[in-house]
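Visitor:
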Amino acid sequence: MALVLPVSVTVLTPATSANLGPGFDSLGLALQLYNRFEVEESGVDPLHPTIEVQGELGAGLSTGPDNLFFRSFALLFERVEVPLPAVRIRMNIKIPPGCGLGSSATAVVGGLVAANEWLRAQGKSVPKEELLDLAVEAEAGNHPDNVAPALLGGLVATTNVGGRIHAVKNHFPDALKAVVFTPSFPMDTVAGRKLLPASYTKADVTFNTGRVALLLSALQTGRYELIGDAMQDRLHQPYRQVLFPAMPDIIDAAVAAGAHGASLSGGGSSLIALASSRFHDVLQAMQETARSAGITGTGMILRADQNGARVLDTPRSRIRKDVSARYGDQFCWSPARPGSR
147 MALVLPVSVT VLTPATSANL GPGFDSLGLA LQLYNRFEVE ESGVDPLHPT IEVQGELGAG
207 LSTGPDNLFF RSFALLFERV EVPLPAVRIR MNIKIPPGCG LGSSATAVVG GLVAANEWLR
267 AQGKSVPKEE LLDLAVEAEA GNHPDNVAPA LLGGLVATTN VGGRIHAVKN HFPDALKAVV
327 FTPSFPMDTV AGRKLLPASY TKADVTFNTG RVALLLSALQ TGRYELIGDA MQDRLHQPYR
387 QVLFPAMPDI IDAAVAAGAH GASLSGGGSS LIALASSRFH DVLQAMQETA RSAGITGTGM
447 ILRADQNGAR VLDTPRSRIR KDVSARYGDQ FCWSPARPGS R
């Protein structure tokens, strides 16, 4: 049987917002803002790809073999013991790096999904569970809360049980949108984590576990009036506030303008508010409050992405004859409309 090998694979990977307040390192939401990655066969040296970065937001990204997307792409080939192809990579960056919206997670997940699609024709593709394990391994800090929703879509709860990542995807309510304010400055995730205490009081831990339970229940039952209390946190936001003193005022402004609740997005600097109406009022309140503190930034109103990373197309291919091919686990989703409202 002839083996059809891709010459080009294009992957769309969504932004994510981790924590949502109390779900520290355990909750993440995929959003309809995307980084796009195209990989095509090109060149002669598999270890030195040609990388083109499109978009001003990607100006600081590496174009060498240490590029995170390429390292993740190569990782899967290494694990399944298939020779790495020589490739050209085009990256269209729409998600600001270093701002708590999972830009690095899109690179990790995008690289793995692109490699998996490339390997499918050789019968070497792997199931989603293995891709998630590799994504956590490749992500700086080895946290699943950003890579899991980038891979699966929706609202994802994650935890590590005996070294194995468990991820449960939940459909995020269509009635809610995320109002995101991103300051013009990034926040260093490593520096932010260094501010966190080595231990917490029983009262603080109980506070957060109760809020996580309340948040998930409120989203499931449509009790959106509970989201404001449910998105409160005592484990990370009070400490990271040192890097972003205006954060609580902007969160309060979002709620006063009509948001059900708001929090720091991931390690910051972006802030995310969940609302079912008055979206522009909420965004304006966040921007004006930030401006009064001398902070400029950009705003977006986004729906949740329910699909996760997906292969858009493989428009061209080449056929290698006399090679037996078998198809393993399918790992491709129907494209959603990016940015649809």
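Residues in the sequence shown are numbered from 147 upward in steps of one, following the numbering used here.
For glycine and all other residues, C-beta sits at the position ideal for the given N, C-alpha and C.
1. Note down the Cα distance separating R456 from R369, rounded to an integer number of angstroms.
2. Please report the straight-line C-alpha distance between V326 and M393, rounded to a whole angstrom.
3. Are A261 and L214 close, meaning C-beta to C-beta below 8 Å?
4. Taking only three categories from DSSP, how would you classify Q383?
5. Return helix, strand or coil for Q178, following the three-state DSSP convention.
6. Buried or exposed for R310, please, with buried defined as at least 16 other CB atoms from any protein chain shown within 10 angstroms of its CB.
7. Between T159, V233, V388 and S345, which has its C-alpha nearest K186's C-alpha?
8. So what's F318 in DSSP terms, helix, strand or just coil?
9. Check this for me: beta carbons of L381 and L166, under 8 Å apart or not?
10. Would you check if the segment 444-454 and the segment 391-411 touch, i.e. whether three or more CB-CB distances between them fall below 8 Å?
11. Which of helix, strand or coil does DSSP assign to V272?
12. Roughly how many angstroms lie between the CA atoms of A403 and G257, to the nearest whole one?
13. Thinking R182 and T209 are a contact (beta carbons under 8 Å), I'd like their distance in whole angstroms, please.
14. Please return the same chain residues whose Cβ sits closer than 6 Å to the Cβ of A161, not counting the five positions on each side in sequence.
15. Per DSSP, which one or two residues make a beta bridge with K323?
16. For M446, which residues does DSSP report across the bridge?
17. Contact defined as beta carbons within less than 8 Å: I believe G338 pairs with K315. What is the distance between those atoms, to the nearest angstrom?
18. Once DSSP output is grouped into helix, strand and coil, what is the label at L158?
19. Based on DSSP bridge pairs, tell me the residues matched to I197.
20. Give a yes or no on contact between the segment 196-210 and the segment 268-283, applying the rule of three or more CB pairs nearer than 8 Å.
21. Quick check on DSSP: helix, strand or coil for T347?
22. With 16 as the cutoff for other CB atoms within 10 Å, does G485 come out buried or exposed?
23. Nearest to V199 by alpha carbon, out of E184, K340, Q387 and D191?
24. Here's the rule: buried if 16 or more other CB atoms are within 10 angstroms of the residue's CB, otherwise exposed. What is K323?
25. Based on the DSSP output, what are the partners of H312 in its beta bridges?
Guide: With the structure as the only source:
1. 31 Å
2. 13 Å
3. no
4. helix
5. strand
6. exposed
7. A quick correction: the sequence has Glu, not Lys, at residue 186. Residue V233 is the option with its Cα nearest to E186.
8. coil
9. no
10. no
11. coil
12. 39 Å
13. So it is not a contact: roughly 16 Å between Cβ atoms.
14. L177, L179, I241, L247 and G248
15. A421
16. V326
17. Not confirmed; about 27 Å, so no contact.
18. strand
19. I235
20. no
21. coil
22. With a pLDDT of 37 at G485, under the threshold of 50, the modelled position of this residue cannot be trusted; read the value that follows with caution. Counting Cβ neighbours within 10 Å, G485 comes out exposed, since fewer than 16 surround it.
23. E184
24. buried
25. T305
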